[in-house]
Amino acid sequence: MPRLTDARKELRRTQIAEAALRCFARNGLARTSIADIIAESGLSAGSIYAHYRDKADLVRATAREVLARRADALGEYAAEQPPPGPDELLDRLVAAIDPAAARVGVQTWSEATTDPVVRDVVTDMTDRMRAMLHDCVTAWLIEVEHHDPAGAREHAAPIAHRVMALYQAELLYAALRSPTGSTEPTGPTEPDQAAESTESTEETPS
7 MPRLTDARKE LRRTQIAEAA LRCFARNGLA RTSIADIIAE SGLSAGSIYA
57 HYRDKADLVR ATAREVLARR ADALGEYAAE QPPPGPDELL DRLVAAIDPA
107 AARVGVQTWS EATTDPVVRD VVTDMTDRMR AMLHDCVTAW LIEVEHHDPA
157 GAREHAAPIA HRVMALYQAE LLYAALRSPT GSTEPTGPTE PDQAAESTES
207 TEETPS
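Quick note: the sequence shown uses the working numbering, first residue 7, plus one each step.
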(Lines of atoms letter the chains of each structure in order from A; the text may use other names.)
(Lines give C-alpha, C1' and ligand atoms only; values in the text may rest on other atoms or scores of the structure.)
Protein backbone atom coordinates (compact mmCIF):
# COMPACT_ATOMS: atom_id res chain seq x y z
CA MET A 7 0.00 0.00 0.00
CA PRO A 8 1.55 3.39 -0.97
CA ARG A 9 2.74 5.60 1.88
CA LEU A 10 0.97 8.90 2.45
CA THR A 11 2.89 12.05 1.59
CA ASP A 12 3.37 14.66 4.32
CA ALA A 13 0.64 16.80 2.73
CA ARG A 14 -1.77 13.86 2.64
CA LYS A 15 -0.93 12.99 6.24
CA GLU A 16 -1.77 16.52 7.33
CA LEU A 17 -5.04 16.44 5.38
CA ARG A 18 -5.93 13.10 6.98
CA ARG A 19 -5.10 14.40 10.46
CA THR A 20 -7.31 17.43 9.81
CA GLN A 21 -10.13 15.20 8.54
CA ILE A 22 -9.97 13.11 11.71
CA ALA A 23 -9.72 16.14 14.00
CA GLU A 24 -12.75 17.75 12.34
CA ALA A 25 -14.74 14.53 12.77
CA ALA A 26 -13.74 14.46 16.43
CA LEU A 27 -14.74 18.12 16.78
CA ARG A 28 -18.23 17.35 15.45
CA CYS A 29 -18.58 14.41 17.84
CA PHE A 30 -17.34 16.40 20.84
CA ALA A 31 -19.71 19.26 20.01
CA ARG A 32 -22.67 16.90 19.62
CA ASN A 33 -22.03 14.37 22.41
CA GLY A 34 -19.53 16.00 24.75
CA LEU A 35 -15.95 15.00 25.43
CA ALA A 36 -16.75 12.39 28.07
CA ARG A 37 -19.49 10.62 26.09
CA THR A 38 -17.62 10.47 22.77
CA SER A 39 -15.78 7.22 22.04
CA ILE A 40 -13.15 6.41 19.45
CA ALA A 41 -15.83 4.28 17.77
CA ASP A 42 -17.98 7.41 17.38
CA ILE A 43 -15.08 9.26 15.76
CA ILE A 44 -14.35 6.33 13.44
CA ALA A 45 -17.99 6.29 12.31
CA GLU A 46 -18.10 10.08 11.90
CA SER A 47 -14.89 10.21 9.87
CA GLY A 48 -15.71 7.25 7.62
CA LEU A 49 -12.17 5.96 8.12
CA SER A 50 -10.88 2.72 9.56
CA ALA A 51 -9.71 2.26 13.13
CA GLY A 52 -6.21 1.66 11.80
CA SER A 53 -6.25 4.99 10.00
CA ILE A 54 -7.33 6.81 13.17
CA TYR A 55 -4.65 5.19 15.32
CA ALA A 56 -2.00 5.80 12.67
CA HIS A 57 -2.41 9.52 13.30
CA TYR A 58 -3.58 9.79 16.91
CA ARG A 59 -2.54 7.63 19.84
CA ASP A 60 -5.82 7.79 21.73
CA LYS A 61 -8.86 9.92 22.52
CA ALA A 62 -6.82 12.24 24.75
CA ASP A 63 -4.52 12.96 21.81
CA LEU A 64 -7.58 13.88 19.73
CA VAL A 65 -8.91 16.15 22.48
CA ARG A 66 -5.61 18.03 22.45
CA ALA A 67 -5.67 18.23 18.63
CA THR A 68 -9.19 19.66 18.55
CA ALA A 69 -8.27 22.16 21.28
CA ARG A 70 -5.42 23.40 19.10
CA GLU A 71 -7.72 23.56 16.06
CA VAL A 72 -10.45 25.56 17.80
CA LEU A 73 -8.05 28.03 19.38
CA ALA A 74 -5.85 28.36 16.28
CA ARG A 75 -8.82 29.50 14.16
CA ARG A 76 -9.29 32.59 16.29
CA ALA A 77 -5.58 33.29 16.43
CA ASP A 78 -5.43 33.18 12.63
CA ALA A 79 -8.31 35.65 12.36
CA LEU A 80 -6.61 38.04 14.76
CA GLY A 81 -3.45 37.90 12.69
CA GLU A 82 -5.44 39.04 9.66
CA TYR A 83 -7.06 41.87 11.61
CA ALA A 84 -3.68 43.10 12.86
CA ALA A 85 -2.42 43.40 9.27
CA GLU A 86 -5.30 45.67 8.15
CA GLN A 87 -4.83 49.35 7.38
CA PRO A 88 -6.08 51.17 9.33
CA PRO A 89 -6.24 48.62 12.14
CA PRO A 90 -9.67 48.07 13.71
CA GLY A 91 -10.35 49.51 17.14
CA PRO A 92 -11.17 47.45 20.26
CA ASP A 93 -14.94 47.58 19.80
CA GLU A 94 -14.70 46.46 16.18
CA LEU A 95 -12.26 43.69 17.12
CA LEU A 96 -14.68 42.37 19.71
CA ASP A 97 -17.67 42.63 17.36
CA ARG A 98 -15.82 40.69 14.65
CA LEU A 99 -14.68 37.97 17.01
CA VAL A 100 -18.16 37.56 18.47
CA ALA A 101 -19.79 37.57 15.02
CA ALA A 102 -17.50 34.71 13.96
CA ILE A 103 -18.30 32.45 16.92
CA ASP A 104 -19.37 28.97 15.82
CA PRO A 105 -21.62 27.49 18.55
CA ALA A 106 -20.28 23.97 17.96
CA ALA A 107 -16.68 25.12 18.26
CA ALA A 108 -17.63 27.21 21.32
CA ARG A 109 -19.04 24.11 23.04
CA VAL A 110 -15.81 22.22 22.42
CA GLY A 111 -13.72 25.21 23.45
CA VAL A 112 -15.53 25.51 26.78
CA GLN A 113 -15.14 21.77 27.37
CA THR A 114 -11.40 22.04 26.76
CA TRP A 115 -11.22 24.73 29.44
CA SER A 116 -12.67 22.15 31.82
CA GLU A 117 -10.20 19.50 30.63
CA ALA A 118 -7.37 21.99 31.14
CA THR A 119 -8.04 22.02 34.89
CA THR A 120 -7.04 18.35 35.19
CA ASP A 121 -4.93 17.55 32.08
CA PRO A 122 -1.53 19.31 32.12
CA VAL A 123 -1.02 18.85 28.38
CA VAL A 124 -4.42 20.36 27.51
CA ARG A 125 -3.73 23.14 30.01
CA ASP A 126 -0.45 23.92 28.22
CA VAL A 127 -2.26 24.04 24.86
CA VAL A 128 -5.07 26.26 26.15
CA THR A 129 -2.69 28.57 28.01
CA ASP A 130 -0.37 28.89 25.02
CA MET A 131 -3.15 29.66 22.55
CA THR A 132 -4.88 32.06 24.94
CA ASP A 133 -1.61 33.91 25.50
CA ARG A 134 -1.09 34.07 21.74
CA MET A 135 -4.56 35.52 21.23
CA ARG A 136 -4.05 38.08 23.97
CA ALA A 137 -0.69 39.09 22.46
CA MET A 138 -2.30 39.50 19.03
CA LEU A 139 -5.09 41.57 20.54
CA HIS A 140 -2.45 43.69 22.25
CA ASP A 141 -0.68 44.21 18.91
CA CYS A 142 -3.96 45.16 17.22
CA VAL A 143 -4.89 47.65 19.92
CA THR A 144 -1.36 49.10 19.99
CA ALA A 145 -1.42 49.65 16.23
CA TRP A 146 -4.85 51.29 16.50
CA LEU A 147 -3.69 53.60 19.29
CA ILE A 148 -0.63 54.66 17.28
CA GLU A 149 -2.18 54.99 13.82
CA VAL A 150 -5.71 56.15 14.64
CA GLU A 151 -5.48 57.71 18.11
CA HIS A 152 -1.94 59.09 17.52
CA HIS A 153 -0.38 57.82 20.76
CA ASP A 154 3.39 57.57 21.01
CA PRO A 155 4.60 53.94 20.58
CA ALA A 156 5.82 53.42 24.15
CA GLY A 157 2.68 54.82 25.72
CA ALA A 158 0.49 52.94 23.25
CA ARG A 159 1.91 49.55 24.23
CA GLU A 160 1.37 50.27 27.91
CA HIS A 161 -2.14 51.63 27.38
CA ALA A 162 -3.06 48.69 25.12
CA ALA A 163 -2.49 46.03 27.80
CA PRO A 164 -5.65 46.58 29.91
CA ILE A 165 -7.75 47.14 26.78
CA ALA A 166 -6.58 43.86 25.23
CA HIS A 167 -7.24 42.08 28.52
CA ARG A 168 -10.79 43.45 28.63
CA VAL A 169 -11.50 42.48 25.00
CA MET A 170 -10.18 38.97 25.68
CA ALA A 171 -12.32 38.59 28.80
CA LEU A 172 -15.46 39.78 26.99
CA TYR A 173 -14.77 37.42 24.09
CA GLN A 174 -14.37 34.45 26.43
CA ALA A 175 -17.63 35.40 28.13
CA GLU A 176 -19.37 35.46 24.74
CA LEU A 177 -17.89 32.03 23.92
CA LEU A 178 -19.36 30.64 27.13
CA TYR A 179 -22.74 32.26 26.42
CA ALA A 180 -22.78 30.90 22.87
CA ALA A 181 -21.90 27.42 24.13
CA LEU A 182 -24.71 27.46 26.70
CA ARG A 183 -27.48 29.03 24.64
CA SER A 184 -27.15 26.98 21.42
CA PRO A 185 -28.77 23.56 20.87
CA THR A 186 -26.28 20.71 20.56
CA GLY A 187 -27.23 20.15 16.92
CA SER A 188 -26.53 23.75 15.92
CA THR A 189 -23.55 24.51 13.70
CA GLU A 190 -24.55 27.96 12.48
CA PRO A 191 -22.30 30.84 13.59
CA THR A 192 -23.81 33.32 16.00
CA GLY A 193 -23.48 37.08 15.84
CA PRO A 194 -22.97 39.57 18.63
CA THR A 195 -25.58 39.15 21.31
CA GLU A 196 -25.52 42.65 22.75
CA PRO A 197 -22.94 44.64 20.75
CA ASP A 198 -23.86 47.98 22.33
CA GLN A 199 -23.12 46.68 25.82
CA ALA A 200 -19.86 45.08 24.66
CA ALA A 201 -18.82 48.36 23.07
CA GLU A 202 -19.59 50.27 26.24
CA SER A 203 -17.46 47.86 28.28
CA THR A 204 -14.36 48.31 26.11
CA GLU A 205 -14.96 52.02 25.71
CA SER A 206 -14.69 52.61 29.44
CA THR A 207 -11.25 50.98 29.47
CA GLU A 208 -10.01 52.87 26.43
CA GLU A 209 -10.56 56.17 28.17
CA THR A 210 -8.24 55.28 31.07
CA PRO A 211 -5.06 57.39 30.81
CA SER A 212 -1.79 55.54 30.26
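For glycine and all other residues, C-beta sits at the position ideal for the given N, C-alpha and C.
Because the structure is a prediction, the values reported are computed rather than measured.
Contact between the region 105-120 and the region 16-33 is present: 3 or more CB-CB pairs across the two stretches fall below 8 Å. With 16 or more neighbouring CB atoms inside 10 Å of its own CB, Leu73 falls in the buried class.
Per the Cβ contact rule, the region 69-84 is in contact with the region 113-131 (3 or more Cβ pairs under 8 Å). Closest in C-alpha terms to Arg98, from the list Leu17, Asp12, Lys15 and Leu177, comes Leu177. When C-beta atoms of the region 166-181 are compared with those of the region 126-140, three or more pairs fall below 8 Å, so the two segments count as touching. In this structure Ser50 is not in contact with Ala25, their Cβ atoms being roughly 13 Å apart against a cut-off of 8 Å. The alpha-carbon separation between Ser116 and Ala36 amounts to approximately 11 Å. In terms of CA proximity to Leu96, Tyr173 leads the group Tyr173, Val150 and Tyr179. Within the same chain, His153, Ala158, His161 and Ala162 come within 7 Å of Leu147 by CB-CB distance, once the 5 residues on both sides are set aside. Burial is judged here by how many other beta carbons sit within 10 angstroms of a residue's own beta carbon; Pro155 has fewer than 16 and is exposed. Contact between Leu27 and Val110 holds: CB atoms are separated by about 6 Å, below the 8 Å threshold. Between Pro88 and Val150, the C-beta spacing is below 7 Å.
Your pair Ile43 and Leu64 checks out as a contact, with CB atoms roughly 7 Å apart and the cut at 8 Å.
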